[in-house]
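Using this note's numbering, read the first sequence as starting at 992 and increasing by one per residue. Glycine included, C-beta positions come from ideal geometry on N, C-alpha and C. Working notes, structure below.
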Amino acid sequence: MLPVDEQIQIIAKGAAEIIDPEELKKKLLVSKDKGKPLIVKLGLDPTAPDLHLGHAVVLRKIRQIQELGHRAVIILGDFTAMIGDPSGRSKTRKPLTHGETLENAATYKDQLFRILMPERTEIRFNSQWLSKMDLASLLELAGKTTVARILERDDFKSRLDSNLTIGLHELFYPLMQAYDSVAIRADIEIGGTDQRFNILMGRDIQKHYGLESQVALFMPILEGTDGVEKMSKSLGNSIGIDEEPNTMFEKVMTIPDNLIIRYFQLCTDLHPDEVDQYRERLDRGENPRDIKACLAHEIVRLYHGGDAADSAMDHFNTVFRDRQYPRDMMSLDTAPFTDDQGNTDLVRVLVQAGFTSSSSEARRLILQDGVRLNSERVDRFRIPVRDGDVIQAGKKHFVRLNKA
RNA sequence: GGGAGGAUUCCCGAGUGGCUAAAGGGGGCAGACUGUAAAUCUGUUGUCGGACGACUACGGUGGUUCGAAUCCACCUCCUCCCA
């Protein structure tokens, strides 16, 4: 195991807040002393089976901690999912059925191990202990906090103030999540800053059960590719960890420059010192594009491996930086779209190639100077073409035509 | 239990009998600019057709009317107020 101070440096990289750093240090010292790994808890709500880089922020952090020799316990909140975490939501969420929950959980697991080390990860369902809790134990648990305390939570508070519905059962959510920490004897609970209330509740409740309190490790909420909103699939600004290498690379390249370092910190496993080197290069006035390319390469490498990262970078440089044709592009037989006079219907070609979803859109694209034939703007819908000609739609779609 | 209001195109939201494929904003796409990107500016944003045009569309079903997103009836869902 690395020296404690160094471990702390790695754990703290990119973290929004650690409560309490001294306690963390103490736990690490004991752990190193006794050779006993710490247990890092992450609670996941099994509703979102497509992980993106935003979710990956906490997962990567866990991975880094695993590399230090510690263990992770992932709690799939199959039981709590019946309530639906009210965090950050302004509405009561529809409860999931048990079947849906299990189905989601299976998908989730596959994706988790793209990031975590399986041999140092344990996945547990909180129904294991929560479903067995009898009324007496529930009352005991509930007695360890107060209504006022629960209602302090921002989202409950604002919902209450604006007369929105709050189900009584929802008030139990933080308690149940806290109880998970008791059940698994968590040393550290990690989560986004939006989990602040729930995780701190865990510290409290553990103490009431006579356990040492967990350390709360909060990670920032990652901004999406638009640089403003938090990353989320429904906002369309997310980068999924399953995305194709080229797409992933391109998407990383579209983040605003001022987010480069933040992404290095939150989306890669680079050592803090390496991140600092990139920061210095930026400060020295090096072209942010090139630093961003390093970032994109690193991120693609994490999810697809070095070779894929190299070729994604190569593709990006060719197409976007050098404005040349990509090395490999799809090809399309023009015969079905060519009339007797030898004119090819580009509208249909664009639709067929999947570049536009309707022919109206294809016409629009042509009329707006968005289509090129061998680098020349096209201003007609029907045009003669030769074997091997290249049609380009917008900046990134290419197809080579062949006349079979 | 009683009362009031709402459901519009990808999203928010205007429209209250023909001039409405439907204002405005967001988002998307394209073009210009640029050291990638962001920002900015311009255009565009239902489908089919190279234009004129046709078709489909304003929660659901039926109706009134020459004509309905707009009026009426019933239904579904949502919200608010009083108790």
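- Counting the other Cβ atoms within 10 Å of the Cβ of GLY1379 gives fewer than 16, which makes it exposed.
- In terms of Cα proximity to ALA1300, the closest of VAL1243, ARG1280, ASN1249, ARG1253 is VAL1243.
- Of the residues TYR1200, SER1350, ASP1330, the one whose Cα lies closest to the Cα of ARG1339 is SER1350.
- Here MET1108 carries a coil assignment [DSSP, helix/strand/coil].
- Rounded to the nearest angstrom, the Cβ distance from LEU1042 to PHE1116 is 19 Å, too far for a contact under 8 Å.
- If you check the CB distance, THR1071 and GLN1168 come in under 8 Å.
- ARG1062 and ALA1207 have their alpha carbons spaced roughly 16 Å apart.
- Secondary structure at ASP1336: strand, using DSSP grouped into helix, strand and coil.
- Secondary structure at GLN1268: helix, using DSSP grouped into helix, strand and coil.
- Per the Cβ contact rule, the stretch 1174 to 1185 is in contact with the stretch 1207 to 1221 (3 or more Cβ pairs under 8 Å).
- If you look at MET1321, you'll find it in the beta strand (DSSP E) that goes 1321 to 1324.
- DSSP, reduced to helix, strand and coil, places GLN1383 within a strand of the structure shown.
- The C-beta distance from ILE1141 to LEU1162 rounds to 5 Å, short enough to meet the 8 Å contact threshold.
- Within the same chain, and ignoring the five residues on either side of LYS1221 in sequence, the residues whose Cβ sits closer than 8 Å to its Cβ are GLY1045, ILE1212, LEU1213, GLU1214, GLY1215.
- The beta carbons of LYS1123 and ILE1196 sit no closer together than 8 Å.
- Pairing ALA1127 with ALA1133, the inter-Cα distance amounts to about 10 Å.
- Annotated as proximal: VAL1390 and SER1322, with beta-carbon spacing under 8 Å.
- Cβ atoms of GLY1005 and GLN1256 come within 8 Å of each other, at about 4 Å.
- Membership of GLU1235 in any alpha helix (DSSP H) is not indicated, and neither H nor E is assigned to it by DSSP.
- In this structure, GLN1057 sits away from PRO1263, with a CB-CB distance that is not shorter than 8 Å.
- Counted as a single uninterrupted DSSP element, the stretch harbouring GLU1131 is not any beta strand (DSSP E) but the alpha helix (DSSP H) occupying residues 1126 to 1133.
- The beta-carbon distance between ILE1179 and LEU1029, rounded to whole angstroms, is 6 Å. This is short enough to meet the 8 Å contact definition.
- In this chain, the alpha helix (DSSP H) harbouring PRO1012 covers 1012 to 1025.
- Look at VAL1219 here: in three-state DSSP terms it is coil, with no helix or strand label.
- When the beta-carbon positions are compared, PRO1279 and ASN1334 stay at least 8 Å from each other.
- Ranking LEU1191, THR1329, ASP1360 by CA distance to the CA of LEU1392 puts THR1329 first.
- Straight-line spacing of the CA atoms in ARG1363 and SER1302 works out to 25 Å.
- The shortest CA-to-CA distance from GLU1013 to any of ALA1047, ASP1267, VAL995, PHE1311 is the one to VAL995.
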